[in-house]
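Since the structure comes first, as structure tokens, the remarks are kept for the end.
Residue numbers (the numbering used here): 13 to 165.
Here is the structure:
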């Protein structure tokens with residue numbers, strides 16, 4: 013089956029309200045995963061929906077997204093984040109947090125968000141970029157506390 017048909021199946025079944033919808037979603041995702049197309053990365057992100065009844069199955073989509081090149085995946089995420097926030101604010105937060113918790117991904121994220129904000133200013137890009145800066149400051153503070161020898165009297 014071609015990618016467009018498989019994407020349509022994912023979209024149609026993303027709420028996973030019945031066992032048949034879960035099965036159809038899983039089968040379509042497995043087929044896409046066998047032959048992933050980075051041109052559809054943005055579309056894959058937009059499958060996420062907070063109304064999904066089976067979050068553990070939807071997590072398989074998150075893992076699939078994370079299987080792509082880190083820069084490509086993050087660039088696609090940034091591109092669709094304004095749309096993604098409408099139907100999937102919780103999934104958006106999950107992806108954002110997972111990126112922040114990976115040092116190399118966080119650096120790529122910061123670079124790409126900064127560039128996106130310069131090219132197409134958006135308050136969401138600004139907020140996300142600000143959260144990265146805050147996360148990095150916290151990490152630096154923790155590192156200095158941990159590496160400092162204790163002061164014993």
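Note that beta-carbon positions come from the ideal geometry of N, C-alpha and C, so glycine has one too.
Tell me which same chain residues have a C-beta within less than 8 Å of the C-beta of residue i, skipping the five on either side of it?
i           : result
residue 72  : 38 and 41
residue 144 : 112, 118, 121, 122 and 125
residue 64  : 26, 27, 28 and 70
Sorted by chain position, which residues of the same chain lie with C-beta nearer than 7 Å to residue i's C-beta, five sequence neighbours on each side aside?
i           : result
residue 117 : 82, 86 and 111
residue 52  : 15 and 19
residue 22  : 37, 40, 41 and 59
residue 77  : 56, 57 and 85
residue 104 : 93, 96 and 97
Indicate the three-state DSSP secondary structure (helix, strand or coil) for residue i in the structure shown.
i           : result
residue 35  : helix
residue 58  : coil
residue 27  : coil
residue 100 : coil
residue 51  : helix
residue 66  : coil
Could you give the distance in angstroms between the alpha-carbon of residue i and the alpha-carbon of residue j?
i           : j           : result
residue 95  : residue 107 : 14 Å
residue 98  : residue 62  : 9 Å
residue 19  : residue 55  : 8 Å
residue 30  : residue 131 : 43 Å
residue 25  : residue 68  : 14 Å
residue 13  : residue 43  : 8 Å
residue 75  : residue 89  : 14 Å
residue 114 : residue 49  : 24 Å
residue 109 : residue 35  : 28 Å
residue 100 : residue 70  : 11 Å
residue 33  : residue 45  : 18 Å
residue 142 : residue 129 : 11 Å
Between which two residues does the alpha helix (DSSP H) harbouring residue i extend?
i           : result
residue 80  : From DSSP, residue 80 is part of no alpha helix (DSSP H); its letter is neither H nor E.
residue 14  : Here residue 14 belongs to no alpha helix (DSSP H), and DSSP marks it neither H nor E.
residue 114 : Here residue 114 belongs to no alpha helix (DSSP H), and DSSP marks it neither H nor E.
Residues in its own chain within less than 6 Å of residue i by CB, not counting five upstream and five downstream?
i           : result
residue 102 : 62
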